[in-house]
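Peer 1:
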Amino acid sequence: MHWKGGLAIALVAALVLGASGAMAAETYKIGAIFALTGPASSLGIPERNTALLIQDELNKKGGIRGPDGQMHPVQIIIYDTASEETKTVLATKKLIEEDKVSAIVGPTQSGESLAIVDTVQKAQIPLISAAASIKIVEPVKDRKWVFKTPQSDTLIASVLISFLKEKNLSKVAFLSVNNAFGDSGRVEFEKVAEKSGLQIVAREKFDATDKDITAQLTRLRGTDFQAAVVWAIPPAASIVTKNYRQIGLRQPLFQSHGVGNKAFIDLAGPAANGVIFPVGKLVVAEDLPGSDAQKSVLVQYAKDYEARFGPRSTFGGHAWDGLRIVLKAMEKAGSDRAKIRDAVEGMKEFVGISGVFRFSAQDHNGLDTRAVTMVEIKDGKWTLAR
Numbered sequence: 001m002h003w004k005g006g007l008a009i010a011l012v013a014a015l016v017l018g019a020s021g022a023m024a025a026e027t028y029k030i031g032a033i034f035a036l037t038g039p040a041s042s043l044g045i046p047e048r049n050t051a052l053l054i055q056d057e058l059n060k061k062g063g064i065r066g067p068d069g070q071m072h073p074v075q076i077i078i079y080d081t082a083s084e085e086t087k088t089v090l091a092t093k094k095l096i097e098e099d100k101v102s103a104i105v106g107p108t109q110s111g112e113s114l115a116i117v118d119t120v121q122k123a124q125i126p127l128i129s130a131a132a133s134i135k136i137v138e139p140v141k142d143r144k145w146v147f148k149t150p151q152s153d154t155l156i157a158s159v160l161i162s163f164l165k166e167k168n169l170s171k172v173a174f175l176s177v178n179n180a181f182g183d184s185g186r187v188e189f190e191k192v193a194e195k196s197g198l199q200i201v202a203r204e205k206f207d208a209t210d211k212d213i214t215a216q217l218t219r220l221r222g223t224d225f226q227a228a229v230v231w232a233i234p235p236a237a238s239i240v241t242k243n244y245r246q247i248g249l250r251q252p253l254f255q256s257h258g259v260g261n262k263a264f265i266d267l268a269g270p271a272a273n274g275v276i277f278p279v280g281k282l283v284v285a286e287d288l289p290g291s292d293a294q295k296s297v298l299v300q301y302a303k304d305y306e307a308r309f310g311p312r313s314t315f316g317g318h319a320w321d322g323l324r325i326v327l328k329a330m331e332k333a334g335s336d337r338a339k340i341r342d343a344v345e346g347m348k349e350f351v352g353i354s355g356v357f358r359f360s361a362q363d364h365n366g367l368d369t370r371a372v373t374m375v376e377i378k379d380g381k382w383t384l385a386r
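In this text, residue positions in the sequence shown follow the UniProt record's numbering: the first is 1, and each later residue adds one.
1) ASP379 by DSSP, collapsed to three states: which one?
2) Could you check what DSSP says for THR209 in three-state terms: helix, strand or coil?
3) Let me see if you follow: with CB-CB separation under 8 angstroms, is ASN168 close to chain D or not?
4) What are the start and end residues of the beta strand (DSSP E) that includes PRO46?
5) Report the option in THR81, LYS348 and PHE174 whose CA atom is closest to the CA atom of TRP231.
6) Count the other CB atoms within 10 Å of the CB of ASP183; is the residue buried (16 or more) or exposed (fewer)?
7) According to DSSP, is MET347 helix, strand or coil?
8) Which residues in the same chain have their Cβ closer than 6 angstroms to the Cβ of GLY355, if we skip the five residues on either side of it in sequence?
9) Would you kindly work out how many angstroms separate the C-alpha atoms of ALA385 and GLU376, rounded to a whole number?
10) Can you name, in chain order, every residue of its own chain whose Cβ lies under 6 angstroms from the Cβ of GLY111, other than the five neighbours on each side?
11) On a Cα-Cα basis, can you pick out the residue from ARG143, GLU349, GLN124 and ILE96 that is closest to LEU114?
12) Does the separation of the CB atoms of VAL146 and ILE156 fall below 8 angstroms?
13) Give the DSSP-derived three-state secondary structure of LYS339 in the structure shown.
14) I believe ALA285 touches LEU298 by the beta-carbon criterion, under 8 angstroms. Please report the beta-carbon distance rounded to the nearest angstrom.
15) Check the C-beta distance from SER83 over to ALA35 and give it rounded, since I have them as a contact under 8 angstroms.
16) Using the three-state DSSP reduction, which class does SER129 fall into: helix, strand or coil?
17) Which residues share a DSSP beta bridge with GLY222?
18) Check this for me: beta carbons of GLY258 and GLY280, under 8 angstroms apart or not?
19) Output the distance between the C-alpha atoms of GLN199 and ASP210, rounded to the nearest integer angstrom.
20) Ordered along the chain, which non-local residues of its own chain (more than five positions away) have a Cβ less than 6 angstroms from that of LYS4?
21) Where does GLY258 fall in DSSP's three states?
22) Exposed or buried, what is ALA193 when buried is set at 16 or more other beta-carbons lying within 10 Å of its beta-carbon?
23) Sort out for me which residues DSSP pairs ALA173 with in a bridge.
24) Check each candidate in THR27, ILE125, VAL89 and SER158 and name the one with the smallest Cα separation from PRO278.
25) Using a threshold of 8 angstroms, state whether the C-beta atoms of GLN300 and VAL351 are closer than that.
Structure follows, in C-alpha cells:
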C-alpha cells in the first residue's frame, strides 16, 4: 500500500483468520514509524526487521488473547520517516487519524520523537519511542502519553563517566553530532561531568552528513585531553573514528550507545578496534553470566534476528521492547488507548532487550544502570570491556 506522495510504505501482514469465532474478534492495530531511508536508516531498518519478526510470530499464533478472553489478530502498520521530522509528523497523524491505531512504536531518532510529542499528547495515544534523549519523556507531567525504551543519554553518560574515572581519565574532549541526539547527549554529559569532577577541555561539533571531520579533530591537538568521547550514530560516528586514527591521535576513543550496531564497525573498518562504549547487553549476550535476568531473552532474540536478517542491532532491540510492551499492555487493556497507557505506566519487571523495565508515574523510561554495560571492539567484534 503506497502512501500518496511517497512518504511511506505500509508493511502490513494480514492475519489469516480461521474459526468463525476468531473472525468476530476485533483486530488490534499498532503503528510503527522507523527511519528506513535517510541518515538514520542503519538504525531504522533493524527496527523494521524486528517488527516483521514479531508480526510473523503473531500470525502463527493467531494474535494475542485480550481482556475478553478471545484471541485478537494484531496488525503492525509500518511507515518510513525517511529520517525527517516533517515526514515523521505526517506519518504519525496518518496512523492516528486514518489507520486508527491504538498505540505507536518509534520513531528512530530523538529529533523525530520530540517533533511528535505534542501530536500524541493532543491525540491521547500512547507512544513508545525508540530514541535516546531524556527530553522525550521529561518532564513526565508534560509527557503523560510518551514512553521510551532505549537507555537515556543521562544514564549512558553516568555509566561512561564512572568508567572514565575508574581508568583515571579526568580530562576529555567531547565531540557531538549537530542534531537533537548529539545536543541532548552533550547537555546531559556536561551535567554528569560537572557533578563528577570530570573536565571537558575541548568541545567540537560536526554534521550528520559530513564526509570528513579532520579539522575538528586536529584542533584537539592543542589541548591536554586524555580521552575523546564522541556522541553520534553511523555513518558520522564511523567517519570520526577513521579520521581520529588517520591523524595519529593516540588517546583512548570512546563512543556513545549510538554505535551499538554492526554498521558502525563495517563503516569504520579496522579503526573501530579499541573503541569503547556504553550500551545495552545485547551485543555481548552470550558473554553474560547465566544469572543475568536478561540473558535468555537476549540470546533468543539474537538467534531469531540473525537467522533471518544478519547481525543483531541494539536498535532492533529497542523496537522489540516497544512492541512487546504494547502487546503485553493490550492483553490487559485491549485496544483502548487510555487503558494501554495506564497498563504501560504500571508495568514492572518487564524483561526486555534494553533492560528490565520498571515504569512508574515518575519514570517513563523505567531503566537504571543495570541496563548498561561497557563494551570494547576487538578484532571487529564486541567484547566486554575490562
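Glycine included, C-beta positions come from ideal geometry on N, C-alpha and C.
Peer 2: Checking against the coordinates, here is how it stands:
1) Note: ASP379 maps to coil in three-state DSSP.
2) Looking at THR209 - three-state DSSP - the assignment turns out to be coil, as it is neither helix nor strand.
3) Among the chains in the structure shown there is no chain D, since it carries only a single protein chain.
4) Following the DSSP letters along the chain, one finds PRO46 in no beta strand (DSSP E) but inside the alpha helix (DSSP H) bounded by residues 41-61.
5) The option with the nearest alpha carbon to TRP231 is PHE174.
6) It is buried - the Cβ of ASP183 has at least 16 other Cβ atoms within 10 Å.
7) Of the three classes helix, strand and coil, the one that applies to MET347 here is coil, per DSSP.
8) Around GLY355: LEU367 and ALA371.
9) Spanning the two alpha carbons is a distance of roughly 5 angstroms.
10) These residues qualify, in order along the chain: GLU85, ASN179 and ALA180.
11) Ranking the options by Cα distance to LEU114, first place goes to ARG143.
12) Taking 8 angstroms as the cut-off, the Cβ atoms of VAL146 and ILE156 do not count as close.
13) Helix, per DSSP.
14) The beta-carbon distance between ALA285 and LEU298, rounded to whole angstroms, is 4 angstroms. This is short enough to meet the 8 angstroms contact definition.
15) Confirmed, about 4 angstroms.
16) Three-state DSSP puts SER129 in a strand.
17) In the DSSP output, where bridge partners are listed per residue, GLY222 has none listed.
18) Contact flag unset, no.
19) Here the alpha carbon of GLN199 sits roughly 27 angstroms from the alpha carbon of ASP210.
20) At LYS4, the pLDDT of 41 sits below 50, so the modelled position is not reliable and the matter cannot be decided from this model.
21) Here GLY258 sits in helix by DSSP.
22) Taking every protein chain shown into account, the CB of ALA193 has 16 or more other CB atoms within 10 angstroms, so this residue is buried.
23) Per DSSP, the beta bridge partners of ALA173 are ALA202 and ALA228.
24) Residue SER158 is the option with its Cα nearest to PRO278.
25) Cβ atoms of GLN300 and VAL351: not closer than 8 angstroms.
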